[in-house]
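K.L.:
Be aware that the sequence shown starts at 4, since it is given in my numbering, and climbs by one per residue.
From the three backbone atoms N, C-alpha and C, an ideal C-beta is built for every residue, glycine too.
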Amino acid sequence: MWLETKPSDKSLITYSGELPGRLYRYRSVRPATLDRLIDSEIVVEVVHLAGLKDLNDPDEGRFVVKFKGSYSEILDFWRAALRATDPTLASEEVEAIAKSNTDEVVRSGYAPQERVVAFTRHVIEHVVRVACFTKLPLNYSMWSNYAKYFDPVAGPLDHGGICIEYRCDDSWRGANLHPVKYSDALPEINAIERSELNLVNTVYMKTKEWRCEEEWRIMSVIQSTPPFPANFAANSKIKIENGVSSVIFGLNTPDSVIDEIRS
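1) What residues match up with lysine 69 in a beta bridge as DSSP calls it?
2) Measuring alpha carbon to alpha carbon, tell me which residue in Asp187, Asp173 and Asn104 is nearest threonine 17.
3) Please state the DSSP three-state secondary structure of aspartate 154.
4) If you draw a straight line from the C-alpha of glutamate 98 to the C-alpha of serine 223, how long is it?
5) What does the Cβ neighbour count give for threonine 137, buried or exposed, with the cut at 16 atoms within 10 Å?
6) Do the stretch 176-190 and the stretch 60-67 make contact, defined as three or more Cβ pairs closer than 8 Å?
7) Cutting at 7 Å between CB atoms, please list the residues of its own chain near isoleucine 77, excluding the five before and the five after it.
8) Under 8 Å: do the stretch 48-57 and the stretch 124-135 share three or more Cβ pairs, one atom per stretch?
9) Measure how close the beta-carbons of arginine 30 and arginine 170 come, nearest whole angstrom, since I'm counting them as under 8 Å.
10) Using the Cβ count rule (16 or more neighbours within 10 Å means buried), how would you classify threonine 205?
11) Should the stretch 81-90 be regarded as contacting the stretch 202-216, the criterion being three or more beta carbon pairs within less than 8 Å?
12) Opposite cysteine 215 in the DSSP bridges: which residues?
13) Helix, strand or coil for tyrosine 207 per DSSP?
14) Below 8 Å on the Cβ atoms is my guess for leucine 37 versus tryptophan 175; work out the distance and round it to an integer in Å.
15) Could you compute how far the alpha carbon of threonine 8 sits from the alpha carbon of valine 32?
16) How about asparagine 255 and tyrosine 149: do their beta carbons lie closer than 8 Å?
17) Could you compute how far the alpha carbon of tyrosine 143 sits from the alpha carbon of glycine 72?
18) If contact is defined by three or more beta carbon pairs under 8 Å, each pair taking one atom from either stretch, is the stretch 155-162 in contact with the stretch 116-123?
19) Tell me the rounded alpha-carbon separation between arginine 132 and serine 239.
20) For the alpha helix (DSSP H) holding lysine 102, just list the boundary residues, first then last.
21) Compute the beta-carbon to beta-carbon distance between isoleucine 167 and tyrosine 74, rounded to the nearest angstrom, for a pair I have assumed lies under 8 Å.
22) In the structure shown, what three-state DSSP assignment does threonine 36 receive?
23) Whose CA, out of Pro34, Pro61, Leu200 and Ser14, lies closest to the CA of isoleucine 264?
24) Pull up the distance between the alpha-carbon of lysine 184 and that of serine 248, whole angstroms please.
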């Protein structure tokens, strides 16, 4: 079932600048899943959102967590975090664990514990979902990296996939569309502020090595906590009405793929 996003719905991050008139998404092609790609992404106009852990940049979502505040503020942070993570904990347990964690943070120079960092990254890499677009439909490097044809015999063929062109208008703002910012500065998050916006902003940052891609992203968050179910990402997708305007074929896209998509 599709749920319509209304203009009044709250966005996690709203871009107020000018939007590009067209956005593009490179797609690799496999013979076994070509029909599904056509039916889903071209005909029905579905956009699948991947977890940060599934993207090709190992530094996706990178940031440093700091605890900047008083002892009582850090203690309040742990109380809230424990109640949100495990509502079954008794008040006495919450208080004891929160105090123990706070004391440990203070002893470590107000740095987060390694187990907390690992758990936080594990959760974020799963629940934060993104779809990547670009303003560049003729970027040779992106055609090579993201638009391959996977021949069952010969193997992957660069420039053998497709590039889907989308009309972009103000309706995309509700999907948290935002241009990626390229910077080598490492984002810093103050945990006790519990700022959703600061955390979300890190999803739209990449190192300068990637700036040639001129990337734009849409983003969503699945409301879930570990352990994640087997079908966790099954509905990690959105539908963009009247979005697809054309399909661009690569220099090496097989004729059979071109004919099937045209038909």
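P.N.:
Judging by the given coordinates:
1) Under DSSP, the beta-bridge partners assigned to lysine 69 are Asn193.
2) Ranking the options by Cα distance to threonine 17, first place goes to Asp173.
3) Strand.
4) Glutamate 98 and serine 223: Cα-Cα distance of roughly 33 Å.
5) Counting of Cβ neighbours within 10 angstroms places threonine 137 among the buried residues, the total reaching 16 or more.
6) Short answer: they touch.
7) The beta carbon of isoleucine 77 sits closer than 7 Å to the beta carbons of Phe70, Thr105, Val108 and Ile195 from its chain, once the five residues preceding and following it are set aside; these are given in chain order.
8) By the C-beta criterion, the stretch 48-57 is judged to be in contact with the stretch 124-135, since at least 3 inter-stretch pairs fall below 8 Å.
9) Incorrect: roughly 17 Å between the Cβ atoms, too far for contact.
10) Buried, by the Cβ-count rule.
11) No, they do not touch.
12) According to DSSP, residue pairing for cysteine 215 in a beta bridge does not occur.
13) Collapsing the DSSP output to three states places tyrosine 207 in coil.
14) Taking 8 Å as the upper bound for CB-CB distance, leucine 37 and tryptophan 175 are not in contact here, some 27 Å apart.
15) Taking the straight line from one Cα to the other gives about 30 Å.
16) Contact: no.
17) Distance from the CA of tyrosine 143 to the CA of glycine 72, rounded to the nearest whole angstrom, comes to 48 Å.
18) Short answer: they don't touch.
19) The straight-line gap from Cα to Cα measures roughly 7 Å.
20) It spans 94-110 - the alpha helix (DSSP H) in which lysine 102 sits, taken as one unbroken run.
21) That pair is no contact at about 53 Å.
22) In this structure, threonine 36 counts as helix in the three-state DSSP scheme.
23) Among Pro34, Pro61, Leu200 and Ser14, the Cα nearest to that of isoleucine 264 belongs to Pro34.
24) Going from the Cα of lysine 184 to the Cα of serine 248 covers about 27 Å.
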